[in-house]
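Trainee: Protein chains in written order, with the numbering used here: chain A, 39 to 287; chain H, 354 to 494; chain D, 251 to 356.
The C-beta atom is built at its ideal place from N, Cα and C for all residues, glycine as well.
Keep in mind it's a predicted model, so treat the numbers as computed, not measured.
One structure, as structure tokens, below. Some questions next.
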Amino acid sequence: MSNAHSHGDGSEHPAAPMVEEITDFEVLEIAVRELAIEHGLFTADDHRRFTEWAESIGPAAGSRLVAKAWTDPAFKARVLEDAVAACKEIGIDWAEPTGFGTPSDYMNLRVLEDTPTLHHVIVCTLCSCYPRPLLGMSPEWYRTTNYRRRLVRWPRQVLAEFGLILPPEVEVRVEDSNQKCRFMVLPMRPAGTENWTEEQLAEIVTRDCMIGVALPRPGRTADIHPVQKARRPVKRTSHPPETAHERKK
Amino acid sequence: MSARKDVLKQQDIIGSLQPAIHVPQNWNYEVEPDLYKAYMHPPHDVGGQFDVPVRYEEKEEEQWELDTYVTCEVLGWRGLWNSEERRRRADNDLGYTLYLGIPYYGRWILAAARMLVDKGHISLVELIEKIAEVKARHGKK
Amino acid sequence: MARSRSPKNPQRPAGKARFKVGDRVRVKDLPNLFYSRTQMYVRGVVGTIAACTYQDVIPEDEAFNRDGQLEQYYIVRFRQKDLWPEYPFDNDTVQTESPERWLEPA
Chain A
39 MSNAHSHGDG
49 SEHPAAPMVE
59 EITDFEVLEI
69 AVRELAIEHG
79 LFTADDHRRF
89 TEWAESIGPA
99 AGSRLVAKAW
109 TDPAFKARVL
119 EDAVAACKEI
129 GIDWAEPTGF
139 GTPSDYMNLR
149 VLEDTPTLHH
159 VIVCTLCSCY
169 PRPLLGMSPE
179 WYRTTNYRRR
189 LVRWPRQVLA
199 EFGLILPPEV
209 EVRVEDSNQK
219 CRFMVLPMRP
229 AGTENWTEEQ
239 LAEIVTRDCM
249 IGVALPRPGR
259 TADIHPVQKA
269 RRPVKRTSHP
279 PETAHERKK
Chain H
354 MSARKDVLKQ
364 QDIIGSLQPA
374 IHVPQNWNYE
384 VEPDLYKAYM
394 HPPHDVGGQF
404 DVPVRYEEKE
414 EEQWELDTYV
424 TCEVLGWRGL
434 WNSEERRRRA
444 DNDLGYTLYL
454 GIPYYGRWIL
464 AAARMLVDKG
474 HISLVELIEK
484 IAEVKARHGK
494 K
Chain D
251 MARSRSPKNP
261 QRPAGKARFK
271 VGDRVRVKDL
281 PNLFYSRTQM
291 YVRGVVGTIA
301 ACTYQDVIPE
311 DEAFNRDGQL
321 EQYYIVRFRQ
331 KDLWPEYPFD
341 NDTVQTESPE
351 RWLEPA
């Protein structure tokens, strides 16, 4: 971890010093990619196509799914019955970009519905399994050994550190995504949103709400965490936190 | 790197990477069953281990990280490996020192390199020479 | 449900699922060697089948690129108090996934 942390307001790191020289991992990545292409293991076009897909995903799709489920009970029933099929209704095809999905995400999505007495939160204690086609890339903190170690044993402490304190009568259910299901939380629709449109509702369904470390509420439209600035080049759009990706139509 | 003082500095760094088993390990004629079990425990299985609160932070995704992710996935798409092989290599075969000590996507790309050599798709010397060439191309010492 | 892989071998489906939702099961504590996705923290602990999910290759095979035989997977629910004796809240739970061979009736 960098020493460039700001310990003042706790909201943002200063820009990390840019590393001038190419790093060893960048070198290794270039070497592996070039050799793979030279040997015909995959083509540059394969890499470009997958990159385009990877740059198109983001949590906005999940937000739309939740907002639609809140306003359309029949759609919600389909989400809970077969989430992969329901995703197609909002333009997310889990078979992309290869025709059989990505090699790492599998096509077994389950949406976990919160109730007044049940709150879900997801983790992968073994690596960082995450529903990428619907939520984009996982946040860095989700991949840390710290989150993975602690969430299954001290969930209420971890949630409190995210600012979420739940009463003891609410069951906290941790979903450890350790095999081939992928999970997303369907939070409860908050009070004060009765006449809102789907677009308005989607704005308050942030990524953290769909992981289960935050609850949606009117006025809360972003997940605020300290941000480690890149030390090496970032091309085109960066993945979250800064950019809410609107899926290409 | 070839200067003697650099070699000695490297020795210090490598020494500091030893797993923290604070008992002498010079003659391992036997391993106690509990220690054997700990040795055999896959490093990725961390759920329930003690840790202290930290600031949960985001990170801007760097280009090499996205490229690494895509390279590993395309290798899967084209049938070179499956995700379970990647996770096995990346998260476990590297051992604790590397597992805990390098970036998330550093594990991925090391795993991809190792797999391509292990399965005979590229030779180790070919990879080493490519690494040297890429370093030279980018003016890296 | 489809799997994210183009298999190299013909796939052999699993037989009839051994467990159903609500069954009590104990996670086996088999020796560790090289690889496992059955976490230490659930081993030897009794939980309840929460869902029968899909059939797929088990991790111990897939990690070594053996991809023919499929097996039934389940989601198992554990009480936090059964996992961590010091856990202070009665109602809280953890769910994880497991292929059938790691489970036995309890």
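1. Determine which residues of the segment 424-442 of chain H have a Cβ less than 7 angstroms from any Cβ of chain A, and write them out in chain order.
2. One question on the structure: do L463/H and V470/H come within less than 8 angstroms of each other, judged by their Cβ atoms?
3. With a 10 Å radius around its C-beta and 16 neighbouring C-beta atoms as the bar for buried, classify R490/H as buried or exposed.
4. If we define contact as Cβ-Cβ less than 8 angstroms, is Y185/A a contact residue for chain H?
5. Check D306/D in the structure and name its three-state DSSP category.
6. Alpha carbon to alpha carbon, how far is A356/H from L173/A? Give it in angstroms, no decimals.
7. If you reduce the DSSP assignment to three classes, tell me which class I484/H lands in.
8. Quick test of the definition: if touching needs 3 or more C-beta pairs under 8 angstroms, does the segment 190-207 of chain A touch the segment 67-77 of chain A?
9. Does R191/A have its Cβ less than 8 angstroms from a Cβ in chain D?
10. What is the DSSP secondary structure of P355/D, reduced to helix, strand or coil?
11. Please report the straight-line C-alpha distance between E64/A and W417/H, rounded to a whole angstrom.
12. Should T163/A be flagged as near chain D, meaning a C-beta pair shorter than 8 angstroms?
13. Hey, does Y304/D have any beta-carbon neighbour from chain H nearer than 8 angstroms?
14. Verify whether the separation of the beta carbon atoms of V275/D and L353/D is less than 8 angstroms.
15. Here's a check: name, in chain order, each residue in its chain whose Cβ is nearer than 8 angstroms to the Cβ of S436/H, leaving out the five neighbours to either side.
16. Determine the DSSP secondary structure at H491/H, reduced to helix, strand or coil.
17. Three or more beta-carbon pairs under 8 angstroms between the segment 333-346 of chain D and the segment 308-322 of chain D, yes or no?
18. Going by C-alpha distance, which of V251/A, V149/A and A229/A is nearest Q114/A?
19. Checking contacts by CB at 8 angstroms: is A131/A closer than that to chain D?
20. What's the gap between the Cα of A107/A and the Cα of Y185/A?
21. With DSSP as the reference, label A356/H as helix, strand or coil.
22. State the beta-bridge partners of R327/D as determined by DSSP.
23. Per DSSP, what are the beta-bridge partners of F221/A in this structure?
24. Quick check on the burial criterion: 16 or more other C-beta atoms within 10 angstroms. Buried or exposed for G318/D?
Mentor: According to the data block:
1. T424, E426, V427, L428, G429, W430, R431, L433, N435, S436 and R440
2. Here residue 463/H refers to the residue found at position 110 when the second sequence is read from its first residue. Here residue 470/H refers to the residue found at position 117 when the second sequence is read from its first residue. Their beta carbons are not under 8 angstroms apart, which means L463/H does not touch V470/H by this criterion.
3. Indexing the second sequence from 1 puts residue 490/H at position 137. Exposed, since its Cβ has fewer than 16 Cβ neighbours within 10 Å.
4. Here residue 185/A is taken as the residue at index 147 of the first sequence, counted from 1. At least one chain H Cβ lies under 8 angstroms of Y185/A.
5. Stepping through the third sequence from its first residue, residue 306/D is reached at position 56. In the structure shown, D306/D sits in a strand (DSSP, three-state: E or B).
6. Translated into positions along the first sequence, residue 173/A becomes position 135. Translated into positions along the second sequence, residue 356/H becomes position 3. Roughly 49 angstroms separates the two Cα atoms.
7. Counting from one through the second sequence, the residue named residue 484/H turns up at place 131. Residue state, collapsed to three classes: helix.
8. no
9. As a first step, residue 191/A must be located in the first sequence, where it is residue number 153. So yes, R191/A belongs to the interface.
10. Residue 355/D sits at position 105 when you count from the first residue of the third sequence. Here P355/D sits in strand by DSSP.
11. The sequence position of residue 64/A within the first sequence is 26, counting from 1. The sequence position of residue 417/H within the second sequence is 64, counting from 1. C-alpha separation (whole angstroms): 6 angstroms.
12. Residue numbering aside, residue 163/A sits at position 125 when the first sequence is read from its first letter. Answer yes: the Cβ-Cβ gap between T163/A and chain D drops below 8 angstroms somewhere.
13. Here the question's residue 304/D lines up with position 54 in the third sequence. Closer than 8 angstroms: no.
14. For the purposes of this step, residue 275/D is taken as the residue at position 25 of the third sequence. For the purposes of this step, residue 353/D is taken as the residue at position 103 of the third sequence. Their beta carbons are under 8 angstroms apart, which means V275/D touches L353/D by this criterion.
15. Locating residue 436/H in the second sequence gives position 83, where the first residue counts as 1. The answer, listed in chain order, is G429.
16. Locating residue 491/H in the second sequence gives position 138, counting from the first residue. Looking at H491/H - three-state DSSP - the assignment turns out to be coil, as it is neither helix nor strand.
17. no
18. The residue labelled residue 114/A in the question sits at position 76 within the first sequence. Residue identity check: residue 114/A is Lys in the sequence provided, not Gln. Out of V251/A, V149/A and A229/A, V149/A has the C-alpha closest to the C-alpha of K114/A.
19. Residue numbering aside, residue 131/A sits at position 93 when the first sequence is read from its first letter. The sequence as given places Asp at residue 131/A; Ala does not occur at that position. No - not a single Cβ of chain D is within 8 angstroms of the one on D131/A.
20. Looking up residue 107/A in the first sequence gives position 69. Looking up residue 185/A in the first sequence gives position 147. The alpha-carbon atoms of A107/A and Y185/A are separated by roughly 29 angstroms.
21. For the purposes of this step, residue 356/H is identified with residue 3 of the second sequence, where counting begins at 1. It is coil, neither helix nor strand.
22. Sequence index remark: in the third sequence, residue 327/D carries index 77 (1-based). Answer is T298/D and Q345/D, bridged to R327/D.
23. Taking the first residue of the first sequence as position 1, residue 221/A is located at position 183. F221/A pairs with R148/A.
24. By one-based count along the third sequence, residue 318/D stands at place 68. By the 10 Å Cβ count, G318/D comes out exposed.
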